[in-house]
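Participant: To convert, take the position in the sequence shown, counting from 1, and add 6; that gives my numbering. For every residue, glycine included, the Cβ atom is placed at its ideal position computed from N, Cα and C. This is the structure I want to talk about, given as structure tokens.
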Amino acid sequence: MTTPNLSRRGATAPSSPIRRLTPYADAAKARGVVVHHLNIGQPDLHTVSPMRAAYARFADEVIAYSPSEGYLYYRKALAAYYNQLTGDAPPIDPSQILVTVGGSEALLFTIAAACDPGDEILVAEPYYTNYAGFSHMLGVGVVPVATHASESFAIPPDRVRAAITPRTRAFVVPSPGNPTGMVLSADDLRALGRVCQDANIFFVVDEVYREFVYPEPPVPADSPIPTALAGALDGALALAPSVLAIPELAAHAVVIDSVSKRYSACGARVGCLVTRNPDFYAACLKFAQARLSPPTVDQFAAAAALTTPQPEMRAMIDAYRARRDLIVAGLNQIPGVSCPTPTGAFYLVTELPVADAEDFCIFMLRDFNLAGETVMMAPAEGFYATPGAGRHQVRIAYVLAPDKLTRCLEILRAGLSAYAQRTNSAA
């Protein structure tokens, strides 16, 4: 019996390096092995209290469709939030915010509105893998702009400019970054935005991790050492600079956002895109109308999340800073491992002393455990478009409690030793 052929798009769709080793993890669990998940950015911290309370008090007897663009009350609340970021730029109006089913749908709509099949987007590699996944779905090419750990994953504007071709329609970059933890300064955003203006392409900034930045601790006022980001001295939360604060980019800038990580609510599936470009917004709204509406109850809860007290947010950020410090120090103490210190988000890319990081990650799940425990990581090669790049690296999400991260470091050290012995024996 014959079966219908898949589309080329379906047959060649890339699998996620974050999730594609799940069958090995499931098999390990079936054998009774405890698997510590460092492969995925699923926080273990409690969803913020105002959001949980909102879910508990939602009392509508009919859970109805919401407007395709999202509820006005929620977009007004979001506008008030964003207008704390815009500085001297014109304020954001609710009509410039489109609520989406997670930041993922915002990305999908954005690439679809910017590109036709056969067009291309630029990404700074290593990059968030779904940039490639959504682009493939839409028949759009992904062109990498190389960044390197030795340069703190900085994105030189000249490197971006050199990669632009007549088919380039957008430059997509996260700040704070996934998977590198790199944070763009206001000057970086302005310089990269100028490149996009000159080429007349869209500048798409994924700001999902905006609150998760780790400036240096406060220093005495007479110290010659400046703080890394605004807010570290006055007690306010330090925020990554937003492209919304650059008025000259109004026609080119698109912000991608989500409640998933900021409020530890990955399952809520509420995101948004923000743009001052009315034509771009109108195109995305048509896509939103075709998918009907974003989730009703989750918008109600997401609006409440915007009222989260600053001490609660600070406690979350301080927890991630402590986890970052622990795992970076621990990784760099393992022979052959090299790990730069990220300044934002809760991910890092680290170099391992292995020839093939994916083979090593499979080994850790299929062939190795330390007293019944092992670690799952994401091979970093899948975060690159350049063939062979990232082959010796893994991405780690430091989203587990400190005691578990300490145990993960012990398991990783032992696993690397066992893998080296196996490799040497095979040779």
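Buried or exposed, going by whether 16 or more other CB atoms sit within 10 Å of the CB of Val-68?
Facilitator: Exposed, because fewer than 16 other Cβ atoms sit within 10 Å of the Cβ of Val-68.
Participant: Would you identify the three-state DSSP class for Met-382, choosing helix, strand or coil?
Facilitator: Strand at Met-382.
Participant: Considering only the alpha carbon of each residue, which of Asp-66, Ser-72, Ala-62 and Arg-282 lies closest to Ile-295?
Facilitator: Before going further, note that residue 295 is Gln rather than Ile in the sequence given. Answer by Cα proximity: Ser-72.
Participant: Do Gln-399 and Asp-363 come within 7 Å of each other at the CB atom, strictly closer than that value?
Facilitator: Per the sequence presented here, residue 363 reads as Ala, with Asp not at that position. Yes, Cβ-Cβ distance for Ala-363 and Gln-399 is below 7 Å.
Participant: With distances taken Cα to Cα, identify the nearest neighbour of Val-405 among Ala-351, Leu-190 and Thr-429.
Facilitator: Among Ala-351, Leu-190 and Thr-429, the Cα nearest to that of Val-405 is on Ala-351.
Participant: Using the beta-carbon count (16 or more within 10 Å), is Arg-297 buried or exposed?
Facilitator: Exposed, since its Cβ has fewer than 16 Cβ neighbours within 10 Å.
Participant: Quick one: measure Cβ to Cβ for Ala-310 and Ala-59, integer angstroms, because I've assumed they're closer than 8 Å.
Facilitator: Yes, they are in contact, since the Cβ atoms of Ala-310 and Ala-59 sit about 7 Å apart, within 8 Å.
Participant: In terms of residue numbering, what span does the alpha helix (DSSP H) encompassing Glu-111 cover?
Facilitator: That run of the alpha helix (DSSP H) goes 108–120.
Participant: Within 10 angstroms of its Cβ, does Ala-17 collect 16 or more other Cβ (buried), or is it exposed?
Facilitator: Ala-17 comes out exposed.
Participant: In the DSSP assignment, what residue or residues form a beta bridge with Glu-131?
Facilitator: Glu-131 is bridged to Ala-152.
Participant: Roughly how many angstroms lie between the CA atoms of Gly-421 and Ile-333, to the nearest whole one?
Facilitator: Answer to the nearest angstrom: the Cα atoms are 16 Å apart.
Participant: Is the beta carbon of Val-265 closer than 7 Å to that of Ala-271?
Facilitator: Yes, the pair counts as a contact, with Cβ atoms nearer than the cut-off.
Participant: Three Cβ pairs or more, each shorter than 8 Å: is that satisfied between the region 371–379 and the region 150–164?
Facilitator: Verdict: no, contact absent.
Participant: Ala-257 and Asp-304 - do their beta-carbons sit closer together than 7 Å?
Facilitator: Not a contact, by the Cβ cut-off of 7 Å.
Participant: Whose C-alpha, out of Ala-321, Ala-391, Leu-27 and Ala-395, is nearest the C-alpha of Ser-141?
Facilitator: Ser-141 has its Cα closest to that of Ala-391, out of Ala-321, Ala-391, Leu-27 and Ala-395.
Participant: DSSP has Phe-208 in a bridge; who is on the other side?
Facilitator: Paired residue(s): Ala-176.
Participant: Tell me the residue span of the alpha helix (DSSP H) that contains Ala-294.
Facilitator: Note, Ala-294: alpha helix (DSSP H), 284–296.
Participant: Check each candidate in Pro-348, Arg-397, Arg-329 and Thr-429 and name the one with the smallest Cα separation from Leu-415.
Facilitator: Closest by alpha carbon: Arg-329.
Participant: Determine the DSSP secondary structure at Asp-263, reduced to helix, strand or coil.
Facilitator: DSSP places Asp-263 in strand when its eight states are reduced to three.
Participant: Just to confirm my understanding: we take Ala-155, look at its own chain, exclude 5 residues before and 5 after, and list those with CB closer than 6 Å. What are they?
Facilitator: So the list reads Pro-346, once near-sequence residues are dropped.
Participant: For Gly-16, does the three-state DSSP call read helix, strand or coil?
Facilitator: Gly-16 falls in the helix class under three-state DSSP.
Participant: Count the other CB atoms, across all protein chains shown, that sit within 10 Å of the CB of Met-370; report buried if there are 16 or more and exposed otherwise.
Facilitator: Met-370 is buried by the Cβ-count criterion.
Participant: Going straight from the alpha carbon of Cys-290 to that of Gln-102, what length do you get?
Facilitator: Roughly 11 Å separates the two Cα atoms.
Participant: So what does DSSP say about Cys-272, is it helix, strand or coil?
Facilitator: Three-state result, Cys-272: helix.
Participant: Check whether the region 179–190 touches the region 86–93, taking contact to mean three or more Cβ pairs, one atom from each stretch, closer than 8 Å.
Facilitator: Touching, no, given that fewer than three Cβ pairs across the two stretches are closer than 8 Å.
Participant: Only counting runs of 4 or more residues, tell me where the alpha helix (DSSP H) segments fall wholly within the region 353–379, in order along the chain.
Facilitator: 363–372, all fully within the region 353–379.
Participant: What does Glu-217 pair with, by DSSP beta-bridge criteria?
Facilitator: According to DSSP, which records beta bridges pairwise, Glu-217 is partnered with nothing at all.
Participant: Could you check how far apart the C-beta atoms of Phe-208 and Ala-176 are, in whole angstroms? I think they sit under 8 Å.
Facilitator: Yes, they are in contact, since the Cβ atoms of Phe-208 and Ala-176 sit about 4 Å apart, within 8 Å.
Participant: Taking the alpha-carbon positions, what's the Arg-63 to Glu-213 distance?
Facilitator: Rounded to whole angstroms, Arg-63 to Glu-213 spans 30 Å at the Cα level.
Participant: With respect to 6 Å, is the separation between the Cβ of Ala-309 and the closest non-hydrogen atom of the ligand SAH below this value?
Facilitator: Of the ligands one can find in the structure shown there are none, so the ligand SAH has no counterpart to examine.
Participant: Tell me whether the beta-carbon of Ala-130 lies closer than 7 Å to the beta-carbon of Val-210.
Facilitator: It is not a contact, given that the beta carbons lie outside the stated cut-off.
Participant: Please report the distance separating the alpha-carbon of Leu-114 from that of Ser-431.
Facilitator: When rounded, the distance between both Cα atoms is 47 Å.
Participant: Could you please give me the residues that DSSP links to Val-40 through a beta bridge?
Facilitator: Glu-379.
Participant: Can you tell me whether Lys-35 is buried or exposed? The criterion is at least 16 other CB atoms within 10 Å of its CB, across all chains shown.
Facilitator: Counting Cβ neighbours within 10 Å, Lys-35 comes out exposed, since fewer than 16 surround it.
Participant: If you draw a straight line from the C-alpha of Met-57 to the C-alpha of Val-151, how long is it?
Facilitator: When rounded, the distance between both Cα atoms is 38 Å.
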